[in-house]
Amino acid sequence: MSDLSAFSLDGKRIAVTGANTGIGQGIAAAIARAGGTVIGIGRSAMDETARLVEAEGASFLSAKADIADSGAAVSLLNELMAFAPLDGLVNNAGIIRRADAIDFTEDDWDDVMDVNLRSMFFLCQAYGRKCIEMKRPGRIVNIASLLSFQGGIRVASYTASKHGVLGITRLLANEWAASGINVNAIAPGYIETNNTEALRNDPGRSKAILERIPAGRWGVSDDIGDAAVFLLARASNYMHGVILPVDGGWLAR
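So the sequence shown is residues 911 to 1163, counted in my numbering.
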């Protein structure tokens, strides 16, 4: 990978949470194509992701932690950075719970907020603190959602968490830009993942969604992966606090 490319991640070490499947897997593969080393953080096996990364001629390290446990996730991140500095952190891990608002439970609220917002923030905090202490630049890419901008239906805690991701991304950008830490986010549209399987299997909902998307298709994980590479690379040096929609034109409709 040429050092002249503003989109190169050659020699960069990037941590990706939830890299075992879906969007996280697509981001890991895209980082590998750009020449980066991928450290996958999560509690599930990431063997398939490792094969995809290594097929691109890049290195993959699997680091086990339950992202729902923010303390354990932060401890692991600190260990990784003590071993060797990380050039970027992608907070991708996320879960969703579906129920009418009138029936939504506290457990479904807490489970989603713990993964999608609490751990996301404290991983950012730990990473930012290390970069500032070491006087190193850094890159954070958080995975937001169309529901960072819209309300949705039947996903109260998910919507709240993704609104929070938007706000925290902007706050951290304000605080850390002068320290050389770029904090941005991607807002995926309707992507073919486990989280959207229920929607894709509902003919009525799937038809309504596709009719709203100008591109006329569901997105795939590579669509998000390539956007993540842009935000991790030199090409986005002067971008701070951006929430980048990758949605097939959904928000433009």
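A virtual CB, placed ideally from N, CA and C, is assigned to each residue, including glycine. All of these numbers come straight from a predicted model, not from anything done at the bench.
- For the options 1128, 1122, 1049 and 946, the alpha carbon positioned closest to that of residue 1106 is the one of 1128.
- Sequence-distant Cβ neighbours of residue 1050 in its own chain, meaning closer than 6 Å and more than five residues away, are 999, 1034 and 1093.
- Excluding residues up to 5 positions away in sequence, nothing lies with its Cβ nearer than 7 Å to the Cβ of residue 965 in the same chain.
- One Cα belongs to residue 1155, the other to residue 1067, and the distance between them is close to 21 Å.
- By a beta-carbon distance limit of 8 Å, residue 1065 contacts residue 1008. Their separation comes to about 6 Å.
- For residue 1122, the enclosing alpha helix (DSSP H) stretches over residues 1113-1122.
- Secondary structure at residue 1059: coil, using DSSP grouped into helix, strand and coil.
- A contact is defined here as three or more CB-CB pairs under 8 Å, and the segment 936-953 meets this definition with respect to the segment 970-983.
- Excluding residues up to 5 positions away in sequence, 1094 lie with their Cβ nearer than 6 Å to the Cβ of residue 1152 in the same chain.
- Counting every other CB atom within 10 Å of its CB across the protein chains shown gives residue 1159 a total below 16, marking it as exposed.
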